[in-house]
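J.: First, the structure itself, so that you have it in front of you.
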């Protein structure tokens, strides 16, 4: 960390700052220039509060030189992490397709969709049992029963399942779930992240609607700091001023994340725009930008879906999309996960 | 709800839509114009999925005419709600000042600050026991012990306390807390909101960093729908492109919220900018715009605060601020809560 | 346009509104439902001020049914527009590559880069003569001399040139320029747009940093309304809260624009992130999402470029990129423009 | 400027960077720490391209220590600037009210409004002759005739006038105008800013919809660098994700700007929200936050205004507002300008 002092700083206050830093085990290299005095702080600065130092009377500015995340940092772990989820893998040159309904609605329904998406090449089944809804009056999911139905669909197809958790108290219900999803609205539900850090189950962490890339990585760091290194990041659209789509897919986040972390990065083109006909171009863009996977909503009867029908593909549309996904993966040098 | 059909809509699909709506108990008034056919839906449309209807082939556009919130809606409850918190009140012409440290650090510390803010005119004590921090390596609060210390400070001063909850599992620890705060990052932690809806304890709900005013009211609606009508809204800055401040205080949200809901609206000028010297002008602006209260961070030694020292006032600065708050409240026709 | 009246509207005010609309040649279809009365306005509503009507006492809400742009609207012009620029084309299945330096610096320099980018497959030369710079102290371009040098490079290579205009007074200097660029900061410089509407020269219109897709199309409409239908739209990144990149490429804007307008849409991956190593993944994503072209900055010595060195590719990097562009174009069914 | 080198930087590249900086007259202080080597650059670094240096292979990060604006910087000009406009003043403890119609419509109309706003206490008349409109089909203003009518209103009332310019070619028409306004959409129309820098006429510079505070000050710097130091800054709302209002008033910008610059800062509460009933609370908040003036739209018949009727006050509403403005100015220690 670099601390730039004000030109006219009070020397007593500087002594006090230096003493305070030394107490915390930080070594200080002082560089006195014509215009400014600069302190180079050496040691474990990840626990220093940068805003606090910046607020001191004698400080002009502070600059963090090292990223505040370690476990997620590619600098300390240059090779791609590959995460095993049931019988499939995410990361390391694989392109993994997770597909399924927004909400689980009935056994017949989820099994039929699972079979359809498997037939088209998906290797994971997604489906919501606990649904975060803006309105308390909207369908909230089948809860425990929803997870049971997903496990039935897994039994029928062999597809590992990924489904969203919304509360630490529900963790026991997720015992047989292959991958636990943390939704965008819970990306900074730190208590939940900490608890997931004590499991071994892989976690699919979705980016918050207005979370920076650094905050996103810090939330992954919460899970990893607890011991669970099986984290997959998911870009699903950010909130901007543009009203024509539900969210704005931040495609640049894919290469930027992959340069900073060794964790796999997948894209959800269904939630990004919230519009079924845009899933294909956004899915193609995601593969082109280097994503390790796609998460896509499929429903046999979108107009009657209990949630998010507007963005769901029919099984036939999904099959057509997968033809293009196959070609694009081959062109961009990725192997479709099996 | 108004559904505008496409000019060349398929009549069979229209019949199917009408039948589906009627199944849900919605009556339909059709108006055939030269340019467009319009359906007026009458009945409880709050459970219809507007995005889904908008996605239908035959639909040009859909417009919600009624707000999707009811309990929080001023239309159905024109007079201001006044919420009793311990021995003080929020709303209805009162200006209520909540002050205290960002984090509770020790008994001596929190009691001293409580006495100081009470002496200057605050009628509620704020303090964090559970702290949501971006980094897993930052101080996370004293937890249960922090709540105990707040209750000691309450015993010593009589000030009711408000402190943040981060997880449903911690609810039993908040039994003696006068007001439970839901932080910005948990504004859409719907499981937490639902559980708080089953309590009687007043809730201070902070606006999410990128939440719209409607989403904010829908989160209040979650709590109220469960039976707890004691909700106070808190504007604390939104996320924008501006880098010179931590967040951008949305001062317009104060009059806009107060026009739409009967719930009290308070402002947190400390978190809004994250800069101590900006607390005063933002506090004055909040009172001028009609806020029902202020939440202000006070610390006896900001440079050594365990969190958010950059934005904390010293007790002396707070006392000076309260002189101006008193005058401004009188000028703008509010009564300082006692 | 649909006007939804308040439940308790004053009938005299309604009569006054109806009379005012009729004066403007608008026919009105009234539909009286149980909950609301709705007026359907028929006629040329593009000149009505929607905000004004929404502000009337008796009005609950107003909804525009038709887009406010006509010339740019794909509804009235379903087939793709193909724009001829010198000896190359943009749109209609072509993928057109425009490349060159951010700023024109010297004849030798721009000719050398022009030859290099042509050799790699670019069919247009970009280069700045008038440079919009945030700081008055930064290099502002060579102005008239810069245009002369671009024309020398055109003479040497045959590549048509595209260069930015910043003021109506400079229009005579652009007489021999093949395509005139309007930069992001001038997207709503309406006086400039109107003047360009009186020319026949093709215009490359860049999206403003915080302009909605509708505003972007309205700016194209300004040019087209004047008689110049040769407009190409360019997505170049929007402003969001994310600090790790200069701007956020709005890749979803490509398919959304192409669904709404018949005009070609190109992408500038160099300005979008402002980072040279991100040009390739963003260029690939742009092609995958359906862009009609790319605008890429190339400089023989980026660290010594007079502007935007941080995002420029070297000729060798550009040549490598073009290998991938060729493959991607073929895969996604576009023909590299010649 | 502080340049932080990568741990493993190539010494030859460092020599090349040092040589390049020295060529530009920059002195370099090197500080070699355990973790990083830091270069402190001394001299006129305002002309160095920070993005370019940041992009070099050997550079980890770059930090600007000095603000890139000089003429506008309060550091070099600590006392408030007071700007004389006709017979009134802006800045230095004055609260200056500019009021009038969005667009000038007729002589009778503008003279009547001018008399009304003067009677209520305004000391400047605003009115649009050149109107920037999103749609080419909307009313564009009376142009030269509009300025003539404003001058008639000035003759009738003595009020100095402020009106918007949209193009350098129109400068001769503004010869008798007391203050020239640059609208939000032209805040970075640098050619226009440069030309206004060669005049002596005071300039009211409005903040762009998504311009940072630093960019805003750099645009003021453009005008001042040309020799015209009579610049007044106007905050008028920024673009955010919130859909319930046209823009979000950035009230924090008022104290932040005033801490950084000696120029006066006024607020436009009419454009900020675009809603007439919100003008009063936002005007009060602006005064409370320390604004030096207000710009308010007044129209005798808002529903028939040719533009922006939705946000205009009637003369009676304006008179009522001015009662409160008078009180608030007195309370907050400002003197209503005369």
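Residue numbers (the working numbering), protein chains in the order written: chain A, 2 to 339; chain B, 2 to 339; chain C, 2 to 339; chain D, 2 to 339.
Glycine is no exception: its CB is placed at the ideal position from the N, C-alpha and C atoms.
Since residue 296/A and residue 121/A are thought to touch, with beta carbons under 8 Å apart, how far apart are those beta carbons, to the nearest angstrom?
T.: About 15 Å separates the two Cβ atoms, so there is no contact after all.
J.: What alpha helix (DSSP H) runs, 4 residues minimum, are completely inside the stretch 234 to 279 of chain C?
T.: You should have 254 to 261 and 270 to 274.
J.: Looking at the C-beta of residue 297/A, does it have a partner C-beta in chain C at a distance below 7 Å?
T.: By this cut-off, residue 297/A is not an interface position.
J.: Chain B partners of residue 332/D, CB-CB under 8 Å?
T.: Ordered by position in chain B, the residues that pass the 8 Å Cβ test against residue 332/D are 328, 329 and 332.
J.: Name the two residues that bound the continuous alpha helix (DSSP H) containing residue 13/D.
T.: Run containing residue 13/D: 12 to 24, per the alpha helix (DSSP H) assignment.
J.: Label residue 251/A either buried or exposed according to how many other C-beta atoms from any shown protein chain fall within 10 Å of its C-beta, with 16 as the threshold for buried.
T.: Residue 251/A comes out buried.
J.: Just to make sure I have the definition right: I need the residues of chain D whose C-beta is within less than 9 Å of the C-beta of residue 318/C. Which are they?
T.: Within 9 Å Cβ-Cβ: nothing; residue 318/C doesn't reach chain D, min ~13 Å.
J.: Quick one: grab the DSSP three-state call for residue 110/A.
T.: Three-state result, residue 110/A: helix.
J.: At the 7 Å Cβ level, is residue 93/B part of the contact set with chain D, yes or no?
T.: Chain D contact via Cβ: absent.
J.: Please specify which runs of the beta strand (DSSP E), each continuous and at least 3 residues long, are wholly inside the stretch 121 to 200 of chain B, giving them in chain order.
T.: Fully enclosed beta strand (DSSP E) runs of 3 or longer: 125 to 127, 162 to 166 and 180 to 183.
J.: Do the stretch 155 to 162 of chain B and the stretch 171 to 182 of chain B touch if we need at least three Cβ pairs shorter than 8 Å?
T.: Touching, per the Cβ criterion.
J.: Pairs of beta-carbons, one from the stretch 219 to 233 of chain B and one from the stretch 195 to 208 of chain B, closer than 8 Å: are there three or more?
T.: These segments touch.
J.: Do residue 96/D and residue 335/D come within 7 Å of each other at the CB atom, strictly closer than that value?
T.: Yes, they are a contact pair.
J.: Let me see if you follow: with CB-CB separation under 7 Å, is residue 16/B close to chain D or not?
T.: No, no contact with chain D.
J.: Just the Cα atoms here: how many angstroms apart are residue 228/A and residue 195/A?
T.: Going from the Cα of residue 228/A to the Cα of residue 195/A covers about 10 Å.
J.: Looking at chain G, which residues of the stretch 56 to 75 of chain C have a Cβ within less than 7 Å of any of its Cβ atoms?
T.: The structure shown contains no chain G; its protein chains are A, B, C and D.
J.: Taking C-beta to C-beta, are residue 26/D and residue 44/D nearer than 7 Å?
T.: In contact: residue 26/D and residue 44/D (Cβ atoms closer than 7 Å).
J.: Name, please, each residue of chain C whose Cβ falls closer than 7 Å to the Cβ of residue 256/A.
T.: Those within 7 Å of residue 256/A in chain C are 279 and 282.
J.: Go through its chain and collect everything with a Cβ distance to residue 157/D's Cβ below 6 Å, but skip five positions before and after it.
T.: Once the five neighbours on either side are set aside, the close Cβ partners of residue 157/D are 112.
J.: Based on the DSSP secondary-structure assignment, which residues constitute the bridge partners of residue 30/B?
T.: Residue 30/B pairs with 41/B.
J.: Pop quiz: residue 308/C and residue 47/C are said to be a contact at Cβ under 8 Å. What is the actual Cβ separation, rounded to whole angstroms?
T.: Wrong, their Cβ atoms sit about 40 Å apart, outside the cutoff.
J.: Give me the chain A residues within the contact set of residue 244/C, using Cβ-Cβ distance strictly less than 9 Å, ordered along the chain.
T.: The contacting residues are 213, 214 and 215.
J.: Less than 7 Å between C-beta atoms, sequence neighbours within five positions excluded: which residues of the same chain meet that for residue 304/D?
T.: Cβ neighbours of residue 304/D beyond the five flanking positions: 310.
J.: Are there three or more Cβ pairs, one per stretch, closer than 8 Å when the stretch 277 to 288 of chain A is compared with the stretch 282 to 290 of chain C?
T.: Contact holds: three or more Cβ-Cβ distances are below 8 Å.
J.: If the criterion is Cβ atoms closer than 7 Å, does the pair residue 240/D and residue 218/D meet it?
T.: No; because the gap between Cβ atoms is not below 7 Å, this pair is not in contact.
J.: For a quick check, are the C-beta atoms of residue 7/D and residue 54/D less than 7 Å apart?
T.: The answer is no: Cβ separation not under 7 Å.
J.: How many Å lie between residue 263/B and residue 80/B at the Cα?
T.: In a straight line, the C-alpha of residue 263/B is about 6 Å away from that of residue 80/B.
J.: Would you mind telling me which residues of chain B sit closer than 7 Å to residue 133/A, beta carbon to beta carbon, in chain order?
T.: Chain B residues near residue 133/A: 189 and 191.
J.: Against chain A, with Cβ distances strictly below 7 Å, would residue 200/B count as a contact?
T.: No, residue 200/B lies away from the interface with chain A (no Cβ there is under 7 Å from its Cβ).
J.: Among 155/B, 140/B, 131/B and 139/B, which has the Cα closest to the Cα of residue 146/B?
T.: That would be 131/B, whose Cα lies nearest to the Cα of residue 146/B.
J.: Could you check the C-alpha separation between residue 65/D and residue 29/D for me, to the nearest Å?
T.: About 14 Å.
J.: Please identify the residue among 149/A, 91/A and 186/A whose C-alpha is closest to the C-alpha of residue 174/A.
T.: The candidate whose alpha carbon is nearest that of residue 174/A is 149/A.
J.: For the stretch 264 to 278 of chain C, which residues have a CB atom closer than 8 Å to at least one CB atom of chain B, in sequence order?
T.: Those would be none; no residue qualifies.
J.: In or out: residue 244/B buried (at least 16 other Cβ within 10 Å) or exposed?
T.: Per the 10 Å Cβ criterion, exposed.
J.: Over the uninterrupted alpha helix (DSSP H) stretch that includes residue 225/A, give me the two end residues.
T.: Run containing residue 225/A: 214 to 226, per the alpha helix (DSSP H) assignment.
J.: Could you give the first and the last residue of the continuous beta strand (DSSP E) run that contains residue 207/B?
T.: Residues 204 to 207.
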